[in-house]
């Protein structure tokens, strides 16, 4: 039996499942999540804090971060009606 979906989310980590839940609950869309591991959230750790850090990563990642910043700060309403970035503090423990 073939199933049809409105949205396909690749990855069942915190970000993927959050997007899937928002699409299903707020928008009423039919959502499928594809995850390569045996269960969703398998690799979710403290690194998956849903933070945008412009200077994170190697040179290529930092370039991508800088190129993405404006989109995240001024996301077009037709893409997403909620702000994607919210200011928040960080507390590091060494």
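In our numbering, the protein residues as written are 15 to 108.
No residue lacks a Cβ here, since even glycine has one placed at the ideal position from N, Cα and C.
Note that the structure is a prediction, hence the values are computed from the model and not measured.
Query, Result
"Is there a Cβ from chain D that is less than 8 angstroms from the Cβ of residue 83?", "Chain labels in this structure do not include chain D; a single protein chain is all it has."
"From the DSSP output, read off the bridge partner residues of residue 46.", "22"
"Which residue comes first and which comes last in the alpha helix (DSSP H) that contains residue 84?", "73-87"
"Have a look at residue 100 and residue 64 and give me their C-alpha separation to the nearest angstrom.", "10 angstroms"
"Within its chain, find whatever has a CB closer than 7 angstroms to the CB of residue 66; leave out the 5 residues flanking it on each side and keep chain order.", "86 and 99"
"Confirm, please, whether the CB-CB distance from residue 21 to residue 48 is below 8 angstroms.", "no"
"With distances taken Cα to Cα, identify the nearest neighbour of residue 32 among 15, 55 and 18.", "55"
"Look at the Cβ atom of residue 95, then the Cβ atom of residue 83, and state whether they are nearer than 8 angstroms.", "no"
"Would you kindly report the start and end of the unbroken alpha helix (DSSP H) that includes residue 31?", "28-41"
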